[in-house]
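Here's the structure we're looking at; comments come further down.
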Amino acid sequence: MIVPLGHVLLFAGLLFVAGLAAVLLRRNLIMILIGVEIMLNAVGLVLVGASAYWRHPSGQLFALLLMAVAAAEISIALALVVYLKRSRGTIDVNRFDGMKG
Amino acid sequence: MATLLFYILAAIVLMAVLLCLTRNNPVHAVLYLVHALFGLALLYFLLGAPMLAAWQVILYAGAIMVLFLFVIMLIDPDLFEKKASRGRFRWLPVGFLSGALLACGGVLIMMDPLAAGGIVRYRLSPRAFGRALFDEYGLAVEILSLILLFAAVGAFHLGRRHKGKEDAS
Amino acid sequence: MMGELLFLIPMLPLCGALIIMFAGGRMSRKLLAAVASFSVIASALTILWLWPLAAPQTRVSLFDWFEAGALRVPVEILFSPLSAAMALMVTGVSALIHLYAASYLHNDPDVRRFFALFNLFVFAMLIIVLADNLLLLFLGWEGVGFCSYALIGYWYRNPGFAAAGRKAFLVTRAADVLFVIALLWLFRLTGSLSIATINQQATSLPAGTLTIVALLLLAGACGKSAQLPFSSWLPDAMAGPTPVSALIHAATMVTAGVYLLCRLFPLISLSPTALAVIGLVGTATAFYGASCALVQRDIKRLLAYSTISQVGYMFLAVGAGTVTGAMFHLITHAFFKALLFMVAGAVIHLAAGEQDLFRLGQLQKRAPLLFWLLLAGALALAGMPLTAGFFSKDAILVACFALNSPWWTGLGVVGLITAFLTALYALRLVYLLAADRDVTIGHGPLPRGMIWPLLPLGLLALVGGQLNLPEPWGGGTVLQRWLQTPSGRGGTHAIEWGLAIVTLLLFVAAWLGARYRFRTLPMPPGGGVAAFFTDGWKIDALVRNAVSKPYEATGRLLDGFPERWYTAVLPDWLGRLCQSAGRYFRTFTSGYVTHYLSGMAWGTFLLLAILLIGLLR
Numbered sequence: 001m002i003v004p005l006g007h008v009l010l011f012a013g014l015l016f017v018a019g020l021a022a023v024l025l026r027r028n029l030i031m032i033l034i035g036v037e038i039m040l041n042a043v044g045l046v047l048v049g050a051s052a053y054w055r056h057p058s059g060q061l062f063a064l065l066l067m068a069v070a071a072a073e074i075s076i077a078l079a080l081v082v083y084l085k086r087s088r089g090t091i092d093v094n095r096f097d098g099m100k101g
Numbered sequence: 102m103a104t105l106l107f108y109i110l111a112a113i114v115l116m117a118v119l120l121c122l123t124r125n126n127p128v129h130a131v132l133y134l135v136h137a138l139f140g141l142a143l144l145y146f147l148l149g150a151p152m153l154a155a156w157q158v159i160l161y162a163g164a165i166m167v168l169f170l171f172v173i174m175l176i177d178p179d180l181f182e183k184k185a186s187r188g189r190f191r192w193l194p195v196g197f198l199s200g201a202l203l204a205c206g207g208v209l210i211m212m213d214p215l216a217a218g219g220i221v222r223y224r225l226s227p228r229a230f231g232r233a234l235f236d237e238y239g240l241a242v243e244i245l246s247l248i249l250l251f252a253a254v255g256a257f258h259l260g261r262r263h264k265g266k267e268d269a270s
Numbered sequence: 271m272m273g274e275l276l277f278l279i280p281m282l283p284l285c286g287a288l289i290i291m292f293a294g295g296r297m298s299r300k301l302l303a304a305v306a307s308f309s310v311i312a313s314a315l316t317i318l319w320l321w322p323l324a325a326p327q328t329r330v331s332l333f334d335w336f337e338a339g340a341l342r343v344p345v346e347i348l349f350s351p352l353s354a355a356m357a358l359m360v361t362g363v364s365a366l367i368h369l370y371a372a373s374y375l376h377n378d379p380d381v382r383r384f385f386a387l388f389n390l391f392v393f394a395m396l397i398i399v400l401a402d403n404l405l406l407l408f409l410g411w412e413g414v415g416f417c418s419y420a421l422i423g424y425w426y427r428n429p430g431f432a433a434a435g436r437k438a439f440l441v442t443r444a445a446d447v448l449f450v451i452a453l454l455w456l457f458r459l460t461g462s463l464s465i466a467t468i469n470q471q472a473t474s475l476p477a478g479t480l481t482i483v484a485l486l487l488l489a490g491a492c493g494k495s496a497q498l499p500f501s502s503w504l505p506d507a508m509a510g511p512t513p514v515s516a517l518i519h520a521a522t523m524v525t526a527g528v529y530l531l532c533r534l535f536p537l538i539s540l541s542p543t544a545l546a547v548i549g550l551v552g553t554a555t556a557f558y559g560a561s562c563a564l565v566q567r568d569i570k571r572l573l574a575y576s577t578i579s580q581v582g583y584m585f586l587a588v589g590a591g592t593v594t595g596a597m598f599h600l601i602t603h604a605f606f607k608a609l610l611f612m613v614a615g616a617v618i619h620l621a622a623g624e625q626d627l628f629r630l631g632q633l634q635k636r637a638p639l640l641f642w643l644l645l646a647g648a649l650a651l652a653g654m655p656l657t658a659g660f661f662s663k664d665a666i667l668v669a670c671f672a673l674n675s676p677w678w679t680g681l682g683v684v685g686l687i688t689a690f691l692t693a694l695y696a697l698r699l700v701y702l703l704a705a706d707r708d709v710t711i712g713h714g715p716l717p718r719g720m721i722w723p724l725l726p727l728g729l730l731a732l733v734g735g736q737l738n739l740p741e742p743w744g745g746g747t748v749l750q751r752w753l754q755t756p757s758g759r760g761g762t763h764a765i766e767w768g769l770a771i772v773t774l775l776l777f778v779a780a781w782l783g784a785r786y787r788f789r790t791l792p793m794p795p796g797g798g799v800a801a802f803f804t805d806g807w808k809i810d811a812l813v814r815n816a817v818s819k820p821y822e823a824t825g826r827l828l829d830g831f832p833e834r835w836y837t838a839v840l841p842d843w844l845g846r847l848c849q850s851a852g853r854y855f856r857t858f859t860s861g862y863v864t865h866y867l868s869g870m871a872w873g874t875f876l877l878l879a880i881l882l883i884g885l886l887r
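Chains as they are written, first to last, in my numbering: chain A, 1 to 101; chain B, 102 to 270; chain C, 271 to 887.
Written out as structure tokens, the structure reads:
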């Protein structure tokens, strides 16, 4: 391990928070999805770092599975974006309040 | 040296991410994101996961980002020209990030940290990676393939144009 | 093995009721009447057939009704001389009244319901009579109450009749509550509900408790027998068809209270206070009923007040300690009062539903046989010497005077006055019905089926005294020797003869009075005093003022503060609170995905923080 695991985790945490901030603060649906991608990658980095720390392949394998899930998720999400743009004419999340109680 | 490289790469990735998330133009954001993902791929490599680094570049930086660009183009074709940022040094951040990443990549290739006796003690070669995956996680792979199938079907369904039922929801 | 056959006695009427209920839809009117009558007649014949089992007190248990801890309630029959005599009287009178009812209701559309309930009533009554267990007895007790309610309101389309049924049900239920309390108390004291066990263990109970239990039992009996505090339902109960009045509200059900006290006499007799109260209630009711009967215009209400009065005599007998006297009067009363009611039914039939005594008349010309039957019943009621009523009433008064204490002598004197009044109103009934005046002509001649069931009753009303002829008259006291029940202190010959002479004189005086007053065309009684007696001493108004009005006032009062507050104000306030809270919380669900996500993020953050604190500690 070339750096302490703590540093890897700290860096991944920074990435995650940055992604989360984008998800919460941005209004453009595309930007929110980009934020989600960054969060997923932060998790992937943690898995790889853990794999290196414990010298075990499972972390890397999980990172791969994570990538596959992310691919599935993003394909559906982008299809939804297209659908919303087509049906509502916008991708501004603050214009969607169909769940309002 | 490798440790220093890790921190340099981490700084580059963080910078790319912050630039990416603050863009108003989604196209620019996606371009910065590609940089960040590429930097992450290099980090994976440095942490002893060459196979995963390759997948990261192919799947994320390649396929998924292209998908993003397609969708952006599909929903707002004017974006590529209209919202281009102005200014003399508008290419500077991208250029700096790209250069730094290329330099780091070059250094990594020169160092070859994964070689036997190299600085990275634990590494998972593609052969070991594949064996571990299909030995232990065969079922998970199958389930994931189903998930991807469902995702493809769902995406196809959502993307279809409903005749006469436009604006249904 | 013969003992099990005893269950045929109540089961036969039950089977009749069930057959009529479930298969009666396709039966013809005659077949319905035949099934109902036959089941009762068969029951009576069964009693006669099994009569030898009564003398040694046969006790038969069919099965355990239920068992819970110390409480074991078997379905058990006690066929003792007492219950056998009562059961024979019930089934015999019932059989005659069933036959009478078949003719009486010959064009009623709902006759199936009538006979089903009638048979069910006989079943429940036999359960009361035969049960060896207070709870089983109570089952029958409530059963007759229900049948009485349903039959009073038999013509339920008339709201007044339905209300009369409800009144009877509610008043008797109020008394039954006290009866149930006594029943539970007895179970707590003796650990058993068997009448025999309770009577055996009664001697070991403390005197005060005993008195209270006996008084509670008296209250229950008063409700069923229409004695004074609970008497007002019986005159209204005359809304039912006349056979119902004859069977349930004269001959059988209203005497169930007396019968209950007779069965539990070993328990009651241990408390002189309770006996004194029973005697007082009986005498007061007897006087009350007689005074009211004197001025009634409605023939059936007159007979109802007369019934109240006569049942009062039976209570007096129990109080004076002569169970035999009570049973004797119970039986003779069943004969002549059922007879009188059925005659009244026939008279009403002749006059096309007219019940006002002052519009009836000319009976001896239009239906001579009916008139002679009426005369037989009325003379027995009036206590003319040598009729059944004379002997049974005298036996009670003898028992009173023989006790030789001021209290009982006083009650006996009131009883004598009541006897005078009784003779007066009985003869008034005869004179008014025979009066020579223009009358409505009714439904035509009487059906023969309405006449001949009266003949045996008329005979029994005249000669029923032979059942228990007292010694000075050279009688055999058959009933006394059969029942073997306490008959009080025996009277000396002086008392017997003295009373007989006094009674004779009273009867003659009443006859002369009635002859003088009612022979010529009399006018209906008028004025406030008459109205007071006609309304039964305004006891309904009294109850309304003493019970209903305070109850309603309390209800109104409670309606004001807790009721409205708890059911309207407070829930309204709570509802408004929930509504405003909901309106406030609604703003949380803005519908924006971002808000939900930030909520989730904050939640995660909080969890992590808690985890961190836990780790640091």
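Cβ atoms here follow ideal geometry from the backbone N, Cα and C, with glycine treated the same way.
Need the endpoints of the beta strand (DSSP E) that residue i sits in, please.
| i | result |
| --- | --- |
| C:T328 | 328-338 |
| C:E346 | 341-349 |
At the 8 Å Cβ level, is residue i part of the contact set with chain A, yes or no?
| i | result |
| --- | --- |
| C:S850 | no |
| B:G231 | no |
| C:Y854 | no |
| B:D268 | The predicted model places B:D268 with a pLDDT of 49, which falls under 50 and marks its position as unreliable; any figure quoted below should be read in that light. Taking Cβ atoms only, chain A reaches closer than 8 Å to B:D268, which makes this a yes. |
| C:V441 | no |
| C:A871 | yes |
| C:L882 | no |
| B:G140 | no |
Pick from the options: whose alpha carbon is nearest that of residue i?
| i | options | result |
| --- | --- | --- |
| C:L488 | C:S462, C:A509, C:L456, C:V551 | C:V551 |
| C:M291 | C:Q566, C:A357, C:V381, C:G549 | C:V381 |
| C:L409 | C:E346, C:F858, C:P429 | C:E346 |
| C:S576 | C:A312, C:L699, C:L729 | C:L699 |
| C:S818 | C:L320, C:L440, C:M359, C:Y419 | C:L440 |
| C:A372 | C:Y529, C:G768, C:G797, C:T512 | C:T512 |
| A:A50 | A:L9, A:I38, A:L65 | A:L9 |
| C:W752 | C:A658, C:A324, C:G413, C:A477 | C:A324 |
| B:L70 | B:L175, B:A142, B:R261, B:D236 | With chain B running from 102 to 270 in the structure shown, residue 70 of chain B is simply not present. |
Compare the C-beta of residue i with all C-beta atoms of chain C and state if any pair is closer than 8 Å.
| i | result |
| --- | --- |
| A:V106 | Since the first residue of chain A shown is 1 and the last is 101, residue 106 of chain A is not available in this structure. |
| A:K85 | no |
| A:D97 | yes |
Apart from the five residues just before and just after residue i, which ones in its own chain have a Cβ nearer than 7 Å to its Cβ?
| i | result |
| --- | --- |
| A:V93 | R27, L29, I32 |
| A:I91 | N28, L29, I30, V81, L84, K85 |
| C:A306 | G286, I290, H368, F385, F388, N389 |
Spatial neighbours of residue i within its chain, please: CB distance less than 6 Å, with the 5 preceding and 5 following residues excluded, ordered by chain position.
| i | result |
| --- | --- |
| C:G461 | A340 |
| C:S757 | T592, T594, Q750 |
Under a three-way DSSP split, which group does residue i fall into?
| i | result |
| --- | --- |
| B:S270 | Bear in mind that the predicted position of B:S270 carries a pLDDT of just 43, short of 50, making it unreliable; the figure below should be weighed with that in mind. Note: B:S270 maps to coil in three-state DSSP. |
| C:T592 | strand |
| C:R759 | coil |
| A:I2 | coil |
| C:V450 | helix |
| C:A444 | helix |
| C:V700 | helix |
| C:S541 | coil |
If you follow the alpha helix (DSSP H) that residue i is part of, which residue opens it and which one closes it?
| i | result |
| --- | --- |
| B:E243 | 239-260 |
| C:R383 | 381-400 |
| C:D821 | The sequence given here has Tyr at residue 821 of chain C, not Asp. Looking at the DSSP string, the run of the alpha helix (DSSP H) that includes C:Y821 is 819-828. |
Looking only at its chain, what residues have a beta carbon closer than 8 Å to the beta carbon of residue i, apart from the 5 residues adjacent to it on each side?
| i | result |
| --- | --- |
| C:A546 | G589, W677 |
| B:L234 | V242 |
When the cut-off is 8 Å and only beta carbons count, does residue i lie next to chain B?
| i | result |
| --- | --- |
| A:N94 | no |
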